[in-house]
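Please read the structure below before turning to the comments.
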Amino acid sequence: MSKLDEKIAAYVAEAKKLNLDLDESLIAAVTKGLGPSIYNADAETIAASDKSELERIKTNFLIKKLGLKDDGKLDAALEEVIEAVGKSNRNKYRAIVYALLVKKFKKRVCI
């Protein structure tokens, strides 16, 4: 099993543990799109308390990658996804958060 496959399997297991309704193929596509950053522990997870990181997710992922408009719904969606993963959960994996956002906005993975 490759390192990428191991990461995908870990994210799928985490999503199941959190009772998140995410398709394995969506998690795999998002994980592949994130590239080598998933192997860096600091980049692999999201610090939900860091407002600048949430702004970067909004700007770089939701607006630039998914093509959404910043109409006030993006902040609410980010908050909702963070709640779903668990605010106190230390393992807010970027791949899972991004997959939830893709699903929420009914977008195709275009990372």
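This note's numbering numbers the first residue of the sequence shown as 1343 and each following residue consecutively. No residue lacks a Cβ here, since even glycine has one placed at the ideal position from N, Cα and C. Just so you know, these numbers come straight off a predicted model, no measurement behind them.
Using the beta-carbon count (16 or more within 10 Å), is residue i buried or exposed?
i, result
"threonine 1373", "buried"
"arginine 1398", "exposed"
"lysine 1434", "buried"
"alanine 1385", "exposed"
"alanine 1390", "buried"
"alanine 1418", "exposed"
Can you find the residues in the same chain that come closer than 7 Å, C-beta to C-beta, to residue i, ignoring five residues on each side of it along the sequence?
i, result
"lysine 1349", "Thr1373 and Ile1380"
"alanine 1437", "Tyr1353, Ile1369, Val1372, Thr1373, Leu1376 and Ile1380"
"isoleucine 1405", "Asp1412"
"leucine 1420", "Leu1396, Ile1399 and Lys1400"
"leucine 1410", "Leu1404, Leu1416 and Phe1447"
"glutamate 1356", "Asn1433, Tyr1435 and Ile1438"
Got a sec? Which residues, its chain only, sit under 8 Å from residue i by beta carbon, not counting five neighbours each side?
i, result
"valine 1439", "Ile1388, Ile1399, Val1423, Ile1424 and Val1427"
"glutamate 1366", "Ile1350 and Val1354"
"lysine 1345", "Tyr1381"
"asparagine 1431", "Leu1360"
"leucine 1362", "Ala1426, Val1427, Ile1438 and Leu1442"
Return helix, strand or coil for residue i, following the three-state DSSP convention.
i, result
"lysine 1446", "helix"
"aspartate 1347", "helix"
Keeping to the same chain, check which residues put their C-beta closer than 6 Å to that of residue i; ignore five residues upstream and five downstream.
i, result
"lysine 1449", "Leu1408"
"alanine 1441", "Leu1364, Leu1368, Ile1369 and Val1372"
- Item | Complete alpha helix (DSSP H) runs within the segment 1351-1424 (minimum length 4 residues, chain order) | 1366-1376, 1383-1386 and 1393-1398
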